[in-house]
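**Q** Per full-length UniProt numbering, the sequence shown runs over residues 1 to 248.
Yeah, the Cβ is synthetic: ideal placement off N, Cα and C, and Gly gets one too.
Keep in mind that this is a model prediction, so the values were computed, not measured.
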Amino acid sequence: MADPLLKAAHLHKRFQALLATDDVSLDVMPGEIHALIGPNGAGKSTLVNLLAGGLKPDSGTIELQGVRIDSMAPHHRVHAGLSRCFQVSSVFRNSTVRENLMTAVQAVSSMPLRPWGARHTRYLELTDRVVELAAQTGLEGSLDMIAGTLPHGAQRQLDVALALASRPKVLLLDEPMAGMGPDESERMGNLIDRLRGEMGILLIEHDMTAVFRLADRITVLVNGRVLASGKTDAIRNNAEVRAVYLGT
Ligand code: ADP
Ligand code: MG
């Protein structure tokens with residue numbers, strides 16, 4: 001079996017009296033969509049923040065392709081190949097889609113634009129990459145729209161595009177379909193499905209139709225602890241999971 005891309009082991013995180021992450025271990029394999037589900041307050045976003053570096057674990061380890069990343073700053077984790085989308089959109093609402101993407105592409109570019117030499121070639125490379133990201137996320141027709149005027153679903157597609165700018169090996173998605181209608185959810189589901197194989201994905205999502213359709217594996221988090229983890233069909237038929245989370 002291949003080595004995991006991302007491997008978290010025995011993570012703990014306490015907020016005062018609350019143990020928000022209680023001995024959580026989880027990995028993401030190459031090309032897989034691993035869904036993280038659980039009731040509100042289970043600790044899903046906290047776990048994503050620990051993985052991405054917004055929060056420091058009290059104990060435990062995180063490895064990306066075998067390299068410890070748990071003391072790296074968030075932007076170093078992005079350079080190492082770990083990228084994330086927030087539960088709340090992080091697009092620049094007053095800028096166009098193209099400007100949003102250009103900012104992201106430049107931010108992760110190894111060679112910043114300089115006022116000399118290969119500037120023009122470099123600029124064309126960046127603009128090509130912007131068009132490529134837009135096409136990959138279904139935004140090719142919206143490049144000159146002001147991001148804040150896009151429908152909610154397209155704004156979330158832009159969030160994914162921004163996260164893809166760094167060519168991540170692992171992508172963390174925190175409720176990408178929240179607040180979407182069925183058409184928007186389906187579009188986002190198709191987008192996530194297309195990314196499968198190119199990277200490992202950790203998908204937090206409440207829409208169980210989408211989770212059962214997309215996930216290769218599911219981990220269920222309750223009160224900061226892993227209640228169950230396994231192949232999608234096994235979790236779907238797990239009596240304890242059905243009782244605690246699926247309500248059947
Ligand atoms: P989920 O994403 O599964 O809904 P969260 O990870 O957002 O859950 O929250 C888990 C628990 O930790 C909740 O009880 C929440 O109130 C608490 N929590 C989250 N972030 C903080 C924080 N920065 N300080 C204190 N408590 C927090
Ligand atoms: Mg959350």
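Distance check for L162 and H34, CA to CA, integer angstroms please.
**A** 21 Å
**Q** I'd like to know whether the C-beta atoms of G53 and A80 end up nearer to each other than 8 Å.
**A** Not a contact, by the Cβ cut-off of 8 Å.
**Q** Specify the secondary structure class of S59 as computed by DSSP and reduced to three states.
**A** strand
**Q** By the 10 Å Cβ neighbour count, where 16 or more other Cβ atoms means buried, how is S83 classified, buried or exposed?
**A** It counts as buried.
**Q** Is K44 near the ligand MG, going by C-beta to nearest heavy atom under 7 Å?
**A** yes
**Q** Say yes only if the C-beta of F86 is nearer than 7 Å to one or more non-hydrogen atoms of the ligand ADP, and no if none qualify.
**A** no
**Q** Give every residue of the same chain whose Cβ lies closer than 7 Å to the Cβ of G138, excluding the five residues on either side of it in the sequence, and list them in chain order.
**A** Hits under 7 Å: Q157, R187 and L191.
**Q** From S109 to S166, what distance separates their C-alpha atoms?
**A** One C-alpha to the other measures close to 8 Å.
**Q** Please confirm if the stretch 120-137 is in contact with the stretch 213-232, defined as three or more CB-CB distances below 8 Å between the two stretches.
**A** no
**Q** As a quick exercise: from S95, M208 and V78, pick the residue whose alpha carbon is nearest that of L235.
**A** According to the sequence shown, residue 235 is Ile rather than Leu. If we check each option's Cα against that of I235, M208 comes out closest.
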